[in-house]
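Participant:
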Amino acid sequence: AQSVTQLDSHVSVSEGTPVLLRCNYSSSYSPSLFWYVQHPNKGLQLLLKYTSAATLVKGINGFEAEFKKSETSFHLTKPSAHMSDAAEYFCVVRGAGGNTPLVFGKGTRLSVIA
Amino acid sequence: SAVISQKPSRDICQRGTSLTIQCQVDSQVTMMFWYRQQPGQSLTLIATANQGSEATYESGFVIDKFPISRPNLTFSTLTVSNMSPEDSSIYLCSVVFSTGELFFGEGSRLTVL
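Just so you know, the sequences run in chain order A and B. With the working numbering applied, the first sequence has no gaps in its numbers, which climb one by one up to 135 at the end. With the working numbering applied, the second sequence has no gaps in its numbers, which climb one by one up to 1597 at the end.
(1) Assess, as a yes-or-no matter, whether the region 1505 to 1515 of chain B is touched by the region 1544 to 1560 of chain B under the definition of 3 or more beta carbon pairs within less than 8 Å.
(2) At which residue ranges does the region 39 to 69 of chain A contain complete beta strand (DSSP E) runs of 3 or more residues, listed in the order of the chain?
(3) Evaluate the contact criterion for the region 85 to 104 of chain A versus the region 63 to 73 of chain A: three or more CB pairs, one atom per stretch, below 8 Å.
(4) Output yes if chain B places a C-beta closer than 9 Å to the C-beta of phenylalanine 88 of chain A; else output no.
(5) For the beta strand (DSSP E) that arginine 1499 of chain B lies in, which residues bound it at each end?
(6) Please name the residue in B:Arg1554, B:Val1513, B:Gly1544, B:Gln1490 whose C-alpha comes closest to that of threonine 1583 of chain B.
(7) Is there a C-beta anywhere in chain B that falls below 9 Å from the one on lysine 127 of chain A?
(8) Are the C-beta atoms of threonine 1595 of chain B and some chain A residue less than 9 Å apart?
(9) Taking the Cβ atom as the reference point for each residue, do leucine 77 of chain A and leucine 41 of chain A lie within a distance shorter than 9 Å?
(10) Determine, using beta carbons only, whether arginine 115 of chain A comes closer than 9 Å to chain B.
(11) Would you tell me roughly how many angstroms separate the C-alpha atoms of proline 122 of chain A and lysine 79 of chain A, rounded to the nearest one?
(12) Does the pairing of the region 23 to 39 of chain A with the region 100 to 114 of chain A give three or more beta-carbon distances under 8 Å?
Shown next, in the form of structure tokens:
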């Protein structure tokens, strides 16, 4: 079975500084990995996804993530945080087959301080 | 992309009543899933809605509490039965197309008094 562990429940950064949200995964198969963002009282928005192509994945709003098989990690980064980045971020895994459901991590709340 | 309509978008219900949430997709999908997001929590998979057969429930969820229908390839319903305040959550429909693309509905925010 697949699972993801988000190592930080809350991350706080200053505006303009780098963002690092950590995620480790566990999967018996070659996984598909995703990062979703959820702003307060809003729906889920896909930031980026990894599906066994390039290990460095670029997403929307300047976010990117690197798939590291040796470390079973898929950390989300952004060079410079913006106030609008404050939200809940979910690391998500899906097993092989394409028709399997997503398994969500517990989420990391990102706060951005002016 | 896909257009996924969930109804109702939000509702306030009394304890002991039941509510049915609808998920309508603008094209045929391979798989449909129902998730729950309790306040301040992550998303938890309730069940996979199978077309033409009974839904497949995850551990901790049962058909009597969360009956699901999927009469065709574009529509599914989730009913939350005999509601209690602990059922207050956002319920989300998720669909997977034959291409493997996955989308979420906007969610149905349920408050049980």
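Backbone N, C-alpha and C define an ideal beta-carbon position, used for all residues, glycine too.
Facilitator: Let's see:
(1) yes
(2) 40 to 42, 44 to 47, 53 to 59
(3) yes
(4) Position 67 of the first sequence holds residue 88 of chain A. For phenylalanine 88 of chain A, the answer is no, since every Cβ of chain B falls outside 9 Å of its Cβ.
(5) Position 15 of the second sequence, counting from 1, holds the residue named residue 1499 of chain B. Looking at the DSSP string, arginine 1499 of chain B is not in any beta strand (DSSP E), and its letter there is neither H nor E.
(6) Residue numbering aside, residue 1583 of chain B sits at position 99 when the second sequence is read from its first letter. The candidate whose alpha carbon is nearest that of threonine 1583 of chain B is B:Val1513.
(7) By 1-based counting over the first sequence, the position of residue 127 of chain A is 106. At least one chain B Cβ lies under 9 Å of lysine 127 of chain A.
(8) The count along the second sequence starts at 1 and reaches residue 1595 of chain B at position 111. Closer than 9 Å: no.
(9) Indexing the first sequence from 1 puts residue 77 of chain A at position 56. Indexing the first sequence from 1 puts residue 41 of chain A at position 20. No, these two residues do not count as a Cβ contact at 9 Å.
(10) Looking up residue 115 of chain A in the first sequence gives position 94. Arginine 115 of chain A counts as touching chain B.
(11) As a first step, residue 122 of chain A is located in the first sequence; it is residue number 101 there, counting from the start. As a first step, residue 79 of chain A is located in the first sequence; it is residue number 58 there, counting from the start. Using only the alpha carbons, I get a separation of about 23 Å.
(12) yes
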